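Peer 1:
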DNA sequence: TGAAATGTTGGGGCG
DNA sequence: ACGCCCCAACATTTC
């Protein structure tokens with residue numbers, strides 16, 4: 002006589018508003034059992050990196066509080082999807098499991114396999130479109146961003162943003178792990194000191210960021226490129242964990258500007274979408290170059306150089322500022338991401354997968370698709386990628402986008418008193434700063450070495 | 001969502 | 001007055 006409950010399986014959609022999986026669970030009229038499973042063990046799983054775990058800890062805490070306020074709670078379980086979920090369904094006698102669509106190959110495999118023995122229903126919670134909805138006239142996936150984006154813009158139908166429900170009926174919930182026992186927070190050393198002052202994980206924090214950004218959409222087109230000011234939306238970690246839906250973001254900016262800012266911001270949302278679709282169509286995206294010729298690229302191995310890059314000790318100010326911003330805050334400005342990536346791949350000639358792995362571990366906004374697609378974009382091996390010969394000169398980039406030096410001075414205190422003229426190339430100053438290293442590589446040499454390396458594969462690569 | 005090399009043009013100094 | 005050269009400034013090409 003008891004009504005079988007339904008499981009609401011949260012994954013990367015840690016929110017209560019505009020969440021299609023939650024809506025479906027509520028529409029069933031059954032008691033809802035909200036669950037989050039941390040899967041570190043499925044082979045091939047890209048388990049969250051260190052910075053993402055910090056974020057996840059706080060986001061789960063916020064989600065649980067939000068659920069409690071609505072008369073429910075959150076069940077935490079740890080283990081492989083394919084053992085934990087069947088166990089949970091057996092324990093609760095759940096009649097259905099509602100969850101978000103997965104793009105990650107390992108999660109897709111796991112959920113597809115589970116679907117054969119459990120009543121799993123997937124809903125779109127983290128994208129505007131399913132990858133199968135956006136195809137070229139001939140039915141193939143888009144390989145070029147601009148026509149992809151055009152089709153998205155044309156196809157987008159604003160769907161009402163579903164508000165957070167006032168109440169979520171749940172019977173007694175099954176046993177949950179204690180969040181602290183997952184040890185998602187760093188201890189020794191605690192590299193996340195002060196992060197709570199700069200990041201607010203959780204749905205409320207996401208909405209606050211969105212509101213704070215809305216008046217700045219108009220200026221976005223120019224301001225987004227300047228790392229020394231607050232020109233970007235800072236929504237990326239919230240989107241990565243699904244604390245806000247792309248649908249909500251898209252619609253919330255639509256009336257707030259009429260010029261280029263709005264269009265440019267939306268195209269950034271669509272780059273995220275493009276990346277996810279690429280990962281869906283090309284599951285090897287995180288592991289192998291999309292353009293096969295790049296498999297033969299003569300990358301170097303140089304652990305000391307890699308470590309210097311990771312620590313922000315390359316002797317190139319804008320690169321070091323970016324890498325230190327990443328390490329100390331878990332986030333890096335997008336313009337600077339392109340600069341540090343170009344420097345690693347081209348001037349240092351190190352494999353893009355080294356950069357991908359480091360970003361995965363250190364970014365609070367790490368998403369498998371965007372991370373992989375963006376690194377391949379810089380490396381020239383991806384879809385609609387920047388040509389490999391497009392080598393950023395980090396001095397010129399610094400002078401152009403950090404013209405007053407505020408960004409570099411903020412994150413590289415050794416350079417605080419270098420005069421502006423030499424701030425982005427301190428080795429040229431008559432008396433270079435004493436406590437700052439000389440460049441790890443001569444920029445002209447590194448550039449030429451990269452172009453020469455390209456020639457070894459260029460007959461087969463475009 | 002490049003940078004550097006190379007080419008072109010035109011003003012001005014100067015014999 | 002004229003041709004010559006230099007060299008910004010800008011445009012084009014190449015990687």
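In the numbering used here, the protein residues as written are 2 to 463.
Positions of the beta carbon are idealized from the N, C-alpha and C atoms, including for glycine.
Everything numeric in this text was worked out from a predicted model, so none of it was measured.
The beta strand (DSSP E) that contains residue 90, what's its start and end?
Peer 2: Taken as a continuous stretch (DSSP letters only), residue 90 belongs to no beta strand (DSSP E), being part of the alpha helix (DSSP H) at 82-93.
Peer 1: Leaving out the 5 sequence neighbours to the left and right, which residues in its chain are closer than 8 Å to residue 267 when beta-carbon positions are compared?
Peer 2: Hits under 8 Å: 154, 251, 254.
Peer 1: Which whole-angstrom value is the C-beta distance of residue 403 and residue 228, which I expect to be below 8 Å?
Peer 2: About 6 Å separates the two Cβ atoms, so the contact holds.
Peer 1: Suppose you measure from the CA of residue 441 to the CA of residue 344; what does that come to, to the nearest Å?
Peer 2: Distance between the alpha carbons of residue 441 and residue 344 is about 11 Å.
Peer 1: If you reduce the DSSP assignment to three classes, tell me which class residue 11 lands in.
Peer 2: Residue 11 falls in the strand class under three-state DSSP.
Peer 1: Closer than 6 Å by C-beta to residue 380: which residues in its own chain qualify, once you throw out the five before and the five after it? Chain order, please.
Peer 2: Excluding positions up to five away in sequence, the list reads 346, 353.
Peer 1: Using 10 angstroms around the beta-carbon of residue 158, count the other beta-carbons present and answer buried if the total reaches 16, otherwise exposed.
Peer 2: With fewer than 16 Cβ atoms within 10 Å of its Cβ, residue 158 is classed as exposed.
Peer 1: What is the rounded straight-line gap between the Cα of residue 221 and the Cα of residue 233?
Peer 2: Residue 221 and residue 233: Cα-Cα distance of roughly 7 Å.
Peer 1: I'd like the list of long-range same chain contacts for residue 463, defined as Cβ closer than 6 Å, with 5 residues on each side in sequence excluded.
Peer 2: Because the pLDDT of residue 463 is 47, which lies under 50, any placement of that residue in the model is unreliable, and the question is left without a value.
Peer 1: Quick check on residue 292: buried or exposed, where buried means 16 or more other Cβ atoms within 10 Å of its Cβ?
Peer 2: Classification of residue 292: buried, given that the 10 Å Cβ count is 16 or more.
Peer 1: Could you tell me the distance, in whole angstroms, from the CA atom of residue 350 to the CA atom of residue 321?
Peer 2: So the two alpha carbons sit approximately 17 Å from each other.
Peer 1: To the nearest angstrom, how far is it from the Cα of residue 137 to the Cα of residue 382?
Peer 2: Taking the straight line joining both Cα atoms gives about 21 Å.
Peer 1: Take residue 31 and list the residues in its own chain whose beta-carbon comes closer than 6 Å to its own, dropping the five residues that flank it on each side.
Peer 2: Answer for residue 31: 4, 6, 7, listed in chain order.
Peer 1: Would you list the one or two residues that DSSP bridges to residue 169?
Peer 2: Per DSSP, none; premise fails for residue 169.
Peer 1: Decide if residue 363 is buried, meaning its Cβ has at least 16 other Cβ atoms within 10 Å, or exposed.
Peer 2: Residue 363 should be labelled buried.
Peer 1: In this structure, what does DSSP give as the bridge partners for residue 97?
Peer 2: Its beta-bridge partners are 7.
Peer 1: Looking at C-beta atoms only, is the number of pairs between the segment 8-27 and the segment 121-141 that lie closer than 8 Å three or more?
Peer 2: Because the criterion of three Cβ pairs below 8 Å is met, the segment 8-27 and the segment 121-141 touch.
Peer 1: Is the beta carbon of residue 245 less than 9 Å from the beta carbon of residue 207?
Peer 2: Contact flag set, yes.
Peer 1: Does the beta-carbon distance from residue 35 to residue 57 come in below 9 Å?
Peer 2: For residue 35 and residue 57, no; Cβs fall outside 9 Å.
Peer 1: Hey, which unbroken runs of the alpha helix (DSSP H) at 4 residues or more fall wholly within the segment 349-417?
Peer 2: Taking only runs of at least 4 residues, the alpha helix (DSSP H) segments lying wholly in the segment 349-417 are 353-363, 369-380, 395-402, 407-412.
Peer 1: Looking only at its chain, what residues have a beta carbon closer than 6 Å to the beta carbon of residue 2, apart from the 5 residues adjacent to it on each side?
Peer 2: Caution is warranted here: a pLDDT of 46 is assigned to residue 2, below 50, making its placement in the model unreliable, and the coordinate value is therefore given only provisionally. Counting only Cβ-Cβ distances below 6 Å, and skipping sequence neighbours, we find nothing.
Peer 1: Identify, in the order they occur along the chain, each residue of the same chain with its Cβ nearer than 6 Å to the Cβ of residue 103, setting aside the five sequence neighbours on each side.
Peer 2: Within the same chain, residue 103 has close Cβ partners 109, 112.
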